[in-house]
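Structure, as structure tokens:
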Amino acid sequence: MAEAVCDFAHRWTIYVSVQCRDQHGHRYTKSVEVAPQGNYLAAHLEDVIEDTYKALVAESNPNHRVASGWIAIPAELSLTEEQAARVFDAVGVWTQQGAA
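For the sequence shown, our numbering begins at 185 and goes up steadily by one.
Laid out in structure tokens, this is it:
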């Protein structure tokens, strides 16, 4: 399965997100969905979304930032905020120990 995703170019949908917690402990996210035109190998996705990712992180309050990351789907398929939140929760974004 990993070879099918990594070794072949796909048309991707990428959900980029920054997870934040304000001074009152309330969680919030800043997110954007990116659908690059064309087919890309998984190894090239970082180059494709780097500017979008950096801009989203820069827009977030550094004092609130807990984590940041992205979910890449090898298909033209959108995620809802709730679906993306479940994925990020599953990997422990709100409980990580280091800085984002």
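Ideal Cβ positions, reconstructed from N, Cα and C, are used throughout, including at glycine. None of the values given here were measured: they were computed from a predicted structure.
Output yes or no for whether 8 Å exceeds the beta carbon distance between residue i and residue j.
i	j	result
Y199	I255	yes
A227	V189	no
Just to confirm my understanding: we take residue i, look at its own chain, exclude 5 residues before and 5 after, and list those with CB closer than 7 Å. What are they?
i	result
A268	Y199, S201, S215, I255
V232	P220, Y224
R205	R211, H248, V250
N245	C204
E266	none
Y237	V200, W254
On the DSSP bridge assignment, give the partners of residue i in chain order.
i	result
T213	Q203
W254	V200
Using CA coordinates, which residue listed in the options is at the minimum distance from residue i?
i	options	result
R270	Q203, H210, E187	Q203
G209	A274, L263, H248	H248
L229	I257, N245, D273	I257
R195	E266, E187, G222	G222
Assuming residue i contacts residue j under a Cβ cut-off of 8 Å, what Cβ separation, rounded to an integer in Å, is found between them?
i	j	result
A251	Q280	6 Å
T197	L261	5 Å
G253	V277	7 Å
Leaving out the 5 sequence neighbours to the left and right, which residues in its chain are closer than 6 Å to residue i when beta-carbon positions are compared?
i	result
D191	none
T264	none
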